[in-house]
Structures are given as structure tokens and as C-alpha cells.
Amino acid sequence: MKKSFLGTLTDLLYPRRCPVCDRAVAPFGSLICEACKKEPVYIKEPYCMKCGKELEGEETEYCNDCMRHRHLFDSGRAVFAYKSMSDSIYRFKYKGRQEYAAYYAECMAGRLGEWIMRRKPDALVPVPIHASKRHTRGYNQAELLAKELGRILHIPVELNLIKRMRKTFPMKDLSMAERQNNLKRAFKICLNDVKLNTIIIIDDIYTTGSTIDAMSYELRRAGVERIYFVTLAIGKGL
10 MKKSFLGTLT DLLYPRRCPV CDRAVAPFGS LICEACKKEP VYIKEPYCMK
60 CGKELEGEET EYCNDCMRHR HLFDSGRAVF AYKSMSDSIY RFKYKGRQEY
110 AAYYAECMAG RLGEWIMRRK PDALVPVPIH ASKRHTRGYN QAELLAKELG
160 RILHIPVELN LIKRMRKTFP MKDLSMAERQ NNLKRAFKIC LNDVKLNTII
210 IIDDIYTTGS TIDAMSYELR RAGVERIYFV TLAIGKGL
């Protein structure tokens, strides 16, 4: 009761912001404004059987990116079409809107919870950010997502498995080859004995899969057998 009271008092003093309109959530106590619930666009079938990107038709099982490039992960899924939530994710990532994580994780669990549980993951692993970025930003948005999702689905979150060693450049405007070069030796396994067989990598955005592949390379070398991912949003690729 004390925790509930303190939470309510905090919400009154510092109202939760809506992840869509960024105003104080209405009605009070919700995670998103009632009027904003129809704004997010969810990924729907048919989608790529490898990365989860929405397909235009049912003629193929894979998107153009996945047909052209061999990925090191097993498969993955995303919740939102990137364009519909790009402003929201930007605020979550760069403007301190950490409270959005509760809504995002609820959507992840609601839309992809069954898919996640069928994989029987040993742990959720958030994509790590470089120490300098964490110092500047104050948090890792992927870690917030993983913690909230793990709490909802009762899955452990592993924060000490893999570390980002190099500060990489923003990849928004990089080609596929530039992205891959940018991520060379960017990650390092931190444990001497990795006892995880199946993991699900958690991140905010999937575009070409370069980051997930770079992590998967190191995780495979460490003995992880099955690697999946779940992201908030997915773009169209290159």
C-alpha cells in the first residue's frame, strides 16, 4: 500500500506523459491517452519470417534485406511501424521520457508475448550502449524496455553478458557496408562461462539488423545456441 501511495503521489506531482502526444496522460493513471490509442500502427501479417518486417504481399516469405544478406540471428519481431512512432521513440531515447517504457513493454507483451514465450528464453538481453552515451543520456533505453518486459513476462534480464566497447557513429545515414564496418569489434562478451542457450535481444529500432548481427556474432562464439530479437519498431531497411 505504501508503494502504491508513493507511486500515485509521484504521478500527481510529476504527471506521466503520453507516449504519443507527450501531454499529461488522460485519463489519470493510464499509460496512454484514450484519444491517442489509435495512433500507433502495428506490424501485421504478412511479415518477413526472418526479421519481422511487414511485407507488401504474400508472394515471398522474406523481405528484400533478408534475401540479400545472411543474418546471424535466428529470427525476430517488432511491434510498431517505425514512422508511426518515430517522434515518440526519439523522445524516449534522447529527451528523457523514460516513463514511456511501461507503455512500450505492455505493447510488446500484448502483441508478442506468446511469440516470446514459445522461444523459451533463458534471458532478455538489452543492446548495450557505450559508457560515454550512458553518461550523457543517463540511461539505456533498451535496458528500460528489457526490465519492464521481463517484469511482465517473468523472464530474467541479463545486463552483464555483453558490453559495447567502441563508441560507434549514428547509423541512420550509413550504407550496409558502412554499418558493418562501424560495428566491427564494437561488442565484447563479459562472462567467462556463458550458460545461456536461448536469448532474446531487446532494442528500440530495427532497420537492417547490423547491430543485432554484431551482437549475435559474439554471442554465438560464446556458445549461445538460439538468438532472437524483439524491437519496438522496425523500418523499411536500405
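First residue of the sequence shown: 10, per my numbering; consecutive thereafter. For each residue, glycine too, the CB sits at the ideal point set by N, CA and C. Quick caveat: nothing in here was measured; it's all calculated off a predicted structure.
Just checking my contact of residue i with residue j at CB under 8 Å: how many whole Å lie between their CB atoms?
| i | j | result |
| --- | --- | --- |
| Thr-207 | Arg-128 | 6 Å |
| Lys-59 | Tyr-71 | 6 Å |
| Ala-114 | Ile-161 | 6 Å |
So, are the CB atoms of residue i and residue j less than 8 Å apart?
| i | j | result |
| --- | --- | --- |
| Ile-210 | Val-88 | no |
| Tyr-112 | Leu-40 | yes |
| Phe-82 | Ile-198 | no |
| Ala-90 | Val-29 | no |
| Ile-243 | Lys-62 | yes |
| Glu-234 | Ile-171 | no |
| Asp-31 | Arg-100 | yes |
| Met-27 | Cys-45 | For the record, residue 27 in the displayed sequence is Cys; it is not Met. Their beta carbons are under 8 Å apart, which means Cys-27 touches Cys-45 by this criterion. |
| Ala-110 | Leu-64 | no |
| Asp-131 | Leu-200 | no |
Tell me which residue opens and which closes the alpha helix (DSSP H) that residue i is part of.
| i | result |
| --- | --- |
| Ile-198 | No alpha helix (DSSP H) contains Ile-198, which is instead part of the beta strand (DSSP E) from 196-198. |
| Ile-98 | 91-103 |
| Lys-59 | Segment: none, Lys-59 is in no alpha helix (DSSP H) and carries neither H nor E. |
Leaving out five residues on either side along the sequence, give the residues of the same chain with a beta carbon under 6 Å from the beta carbon of residue i.
| i | result |
| --- | --- |
| Ala-155 | Leu-133, Pro-135, Val-166 and Ile-211 |
| Lys-11 | Caution is warranted here: a pLDDT of 48 is assigned to Lys-11, below 50, making its placement in the model unreliable, and no coordinate value can be reported. |
| Pro-24 | Ala-33 |
| Arg-120 | Val-88 |
| Asn-169 | Cys-199 |
Ordered along the chain, which non-local residues of its own chain (more than five positions away) have a Cβ less than 7 Å from that of residue i?
| i | result |
| --- | --- |
| Gly-232 | Val-203 |
| Pro-36 | Glu-43 |
| Arg-106 | Arg-26 and Arg-100 |
| Ile-98 | Asp-213, Ile-214, Leu-241 and Ala-242 |
| Trp-124 | Arg-86 |
| Met-76 | none |
Measuring alpha carbon to alpha carbon, tell me which of the options ends up nearest residue i.
| i | options | result |
| --- | --- | --- |
| Thr-216 | Arg-173, Asn-73, Ala-195 and Pro-49 | Asn-73 |
| Glu-157 | Ala-140, Leu-170 and Gly-122 | Gly-122 |
| Met-174 | Phe-196, Lys-245 and Glu-115 | Phe-196 |
| Asp-213 | Thr-145, Pro-130 and Asp-96 | Asp-96 |
| Ile-221 | Arg-86, Leu-153, Lys-102 and Arg-106 | Arg-86 |
| Thr-145 | Leu-153, Asp-131, Tyr-103 and Cys-116 | Tyr-103 |
| Ala-118 | Pro-130, Asp-131 and Gly-159 | Gly-159 |
| Cys-116 | Asn-169, Lys-47, Pro-55 and His-139 | Lys-47 |
| Ala-151 | Glu-108, Leu-200 and His-78 | Glu-108 |
| Lys-245 | Gly-218, Arg-79 and Phe-238 | Gly-218 |
| Glu-68 | Gly-38, Cys-75, Arg-79 and Pro-55 | Pro-55 |
| Phe-250 | Asn-169, Ser-141 and Met-126 | The structure shown does not extend to residue 250, since the chain spans only 10 to 247, so no value can be given for it. |
| Ser-225 | Ser-84, Gly-66 and Asn-169 | Ser-84 |
Ends of the beta strand (DSSP E) at residue i?
| i | result |
| --- | --- |
| Ile-243 | 235-243 |
| Tyr-215 | 207-215 |
| Lys-46 | Run containing Lys-46: none; DSSP gives neither H nor E here. |
| Ala-132 | 132-135 |
| Arg-173 | 171-173 |
Taking 8 Å as the limit between beta carbons, can you name the residues of its chain near residue i, skipping five residues before and five after?
| i | result |
| --- | --- |
| Arg-229 | Leu-81 and Ile-236 |
| Phe-14 | Summary for Phe-14: the model assigns pLDDT 48, below 50, so the residue's position carries little reliability, and this model does not support an answer. |
| Arg-79 | none |
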